[in-house]
Structure formats: C-alpha cells, structure tokens
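Asks: I have a structure I would like to understand better, so I am pasting it below and will then ask my questions one at a time.
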Amino acid sequence: MKAAVVTTPGNISIESIPDPTPGSGEVVVEVAACGVCGTDLHIFDGEFAPRFPIVPGHEFAGVVVALGADVSFITEGDRVAVDPSLPCHACRYCRQGRSNLCDNWAAIGVTADGGAAQYAVAPQGNCVRIPEAARLEDFALVEPLACAISGMDALPRRPSEHYLIYGAGTMGVLIAGMARTSGAASVTVVEPRAERRLGVESLTGADLAVASSDEADRRDWDTVIDCTGVAAAIEDGLSRVAKGGTYLQFGVPHTGTRVEIDPHRVYQHEITIAGSMSVRNSFERAVDLLSHGALDPRRIITAEFALEEYRSALEAVRSGQGLKTQVIATGTPPRSID
Ligand SMILES: [Zn+2]
Ligand SMILES: [Zn+2]
C-alpha cells in the first residue's frame, strides 16, 4: 500500500510498504480521509514519536476491509471513525478511567503507524460506527471534536459565563462553537490573523472576534481557553481570568515553553488553572454530535490533499492556512475548498 512515512525528523516520503495485517482483536480500515494537525507537525519535527520510521495520522475514518482473529463487534464493510488512543488498561491512571494520562501512553499515528496511508490497523474497540448516510470523510473530524469535548469536560461549566478563547484555528473554532451551545453568556475569540478572524462569528456563534483582548468590551472573563499553545497568548489569557474563574490550557505549547504568572492573583482571586490532553471518554459523544448536525463539516474542512502531497498538507497546516486540512489516499487530485 501507499503510505506517508516520516523516516527521520524533518524527512517524509511517500512509500510503498506492505499492507497491514490485523492481529487478534484488530481490524484493517481502508482510510477515506485523514486529518492533519499540529500534532503531526510535532511528529514531523521529531518532538513526539519515540520511533522512526512512522506513518503519521491519528484523525481518520474509513471502511473496515479485514478482520483479525477474535473480532466480534465489528464486521467487514462497517463504516467507522477510529479512536487513536492505545491505553495500556493496566496502569494506575487507566484503572481510574483517565486513560489519556496512561503511564504507557500510545496512540495510532503517534507511536504506532497511522492513517496517512491507504490502510491502517486498529483494535476493534477503537472503531465507532457512523451513520449510513453520513459522508465518511466528514467523520475524520471526530478525533479533534472528541478532544474539544474533553476540553469542555475539564471546565466547571455554569450557565451564563463569559468565555474568552485564544485562536481561531480548527480547535479554537470547535471549542468556541461548543462554548456557545453550552449556555455561554458571551463568547469572544482572540485571533491576530485577519483572514482567520473572518467568518468566525457566523461559523461558531461567537459574539466577537478580535485581534487582541484589548479590543474587547470586557476586561475579564469567567472562562479563558488557550487554543494556540503560544506563550504570549497564554500569558495574556492568564491575566484575563475573572475572580473565581478558570483558565484552560488546551492548545499544545512546545515542550519547555515558559510563561510568567502572578501567583498572588491566582490565590487572591481563587483562579483555577486546568489542562486537557487528547481524548477521554469523548469519542462516542463526538460521533453523536457530528451525526446530529451540530456543526457543518464542510465549513471546517477547508482543504484536501492527495496522500502523495502529504508534505504540502503539513506545510499548509504549519502556515495556518484555512481550518482543517485532510489527506485523501484514494488518488483524488488535490482540491482546495476555500
Ligand atoms: Zn490531531
Ligand atoms: Zn495505562
């Protein structure tokens, strides 16, 4: 099969590699579409993957085409979205139901070969069936949406809060949309790039999209969520949390990023600082949300590349073009939707 292979940090090539064979309890999925995100950039840059070569791709959906031994819940022809999480189920965190914090953390497309290929292997328990009528490619959005749901789970949500969200990339847009439908009094999005600010209000229901929090009419917000991982945004965000409010680190900063906080204010104003990493018990709910039309995937997926163009897809993500970029392995030519 054809696959995008990161051979060493900074090097990726399209290679012909053996078709995957499913082990016990595993299935082979013919990939319909695979999303590309910042995590793939971290892998390409050599920050995440503990081994090379690796086939990236942790956001994908497709059709089950082969079954391993002892597969009873999934059949050939099932259309599925694949949860990339590969928790050990044995460590203290897995046993506490916090498998995203697994001591032996592993994931399809991060530590094991992923969906940037014609076929990918997954445990049957990672496959969630999607509706018959649904467009398969849209359900490659389930993984980032499941991360956004996990992020919202990390908040002590009360009705009628004021939200400030940094970043109008894919994750910022998903989080802003979810805040809006979760009973927010107001949602403000900070995005310095003018082309990204455009249309954020109509896409997410946000009240306001501004280049800097200084431009907003409020000075502080009950819930502040960083979806950028950028130190300047994080520092600004931490300084904008209202008394009794919550700051959520949802964007992925580079390892070793340092920011200044005012611990006296954290104390005096009883501010909560929370984090949210990856997917936790949210994959099914993301399938449900998408299945019931809670968001329009065609407005989120803004570019499709052929698998052969994986490197260009990575560069498109790095440059911050559009929202979700996908690669399609079936040989369709690159198509720009926006
Ligand atoms: Zn991702
Ligand atoms: Zn574990």
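Once you know that position 277 of the sequence shown is 276 in numbering that gives the first Met the number 0, the rest is easy, because the numbers rise by one and skip nothing.
C-beta: ideal position from N, C-alpha, C; glycine also.
#1: Quick check on this structure: which residue in Ser181, Ser149, Val63 has the alpha carbon closest to the alpha carbon of glycine 274?
#2: Would you be able to state if there are at least three C-beta pairs under 8 Å between the stretch 264-280 and the stretch 236-254?
#3: For ligand 2, list every residue whose C-beta falls under 7 Å from any of its heavy atoms, going in chain order.
#4: Is serine 84 buried or exposed, if buried means 16 or more other CB atoms sit within 10 Å of its CB?
#5: Could you tell me the boundaries of the alpha helix (DSSP H) in which glutamine 267 lies?
#6: When we look at the beta-carbon of threonine 256 and count the other beta-carbons within 10 Å, is it buried (16 or more) or exposed?
#7: Are there three or more Cβ pairs, one per stretch, closer than 8 Å when the stretch 52-61 is compared with the stretch 259-268?
#8: Taking 7 Å as the cut-off, is the CB of cysteine 33 close to at least one heavy atom of ligand 1?
#9: Closer than 7 Å to a non-hydrogen atom of ligand 1 - does that hold for the CB of cysteine 36?
#10: Since glutamate 14 is in the beta strand (DSSP E), which residue starts that stretch and which ends it?
#11: Determine the contact status of valine 79 and valine 127, defining contact as a CB-CB distance below 8 Å.
#12: So what does DSSP say about aspartate 337, is it helix, strand or coil?
#13: Along the chain, where does the alpha helix (DSSP H) that runs through aspartate 287 open and close?
#14: Could you pull out every residue in the same chain whose Cβ sits closer than 8 Å to the Cβ of threonine 331, ignoring the five residues on either side in sequence?
#15: Between serine 23 and arginine 279, is the Cβ-Cβ spacing less than 8 Å?
#16: Label alanine 232 either buried or exposed according to how many other C-beta atoms from any shown protein chain fall within 10 Å of its C-beta, with 16 as the threshold for buried.
#17: Just verifying my parser: in three-state terms, what is the DSSP assignment at alanine 60?
#18: Classify proline 122 as helix, strand or coil using the three-state DSSP reduction.
Replies: Well, looking at it:
#1: The candidate whose alpha carbon is nearest that of glycine 274 is Ser149.
#2: Contact holds between the stretch 236-254 and the stretch 264-280, because three or more Cβ pairs, one in each stretch, are under 8 Å apart.
#3: Those residues are Pro86, Cys87, His88, Ala89, Cys90, Tyr92, Cys93, Ser98, Cys101, Asp102, Asn103, given in chain order.
#4: buried
#5: 262-267
#6: exposed
#7: no
#8: no
#9: Result yes, Cβ under 7 Å from ligand 1.
#10: Start and end: 10-15.
#11: yes
#12: Its pLDDT being 46, under 50, aspartate 337 is placed unreliably by the model, and the measurement read from it follows with that caveat. DSSP places aspartate 337 in coil when its eight states are reduced to three.
#13: 282-290
#14: Bear in mind that the predicted position of threonine 331 carries a pLDDT of just 47, short of 50, making it unreliable; the figure below should be weighed with that in mind. Taken in chain order, the residues that qualify are Glu303, Ala305.
#15: no
#16: buried
#17: strand
#18: strand
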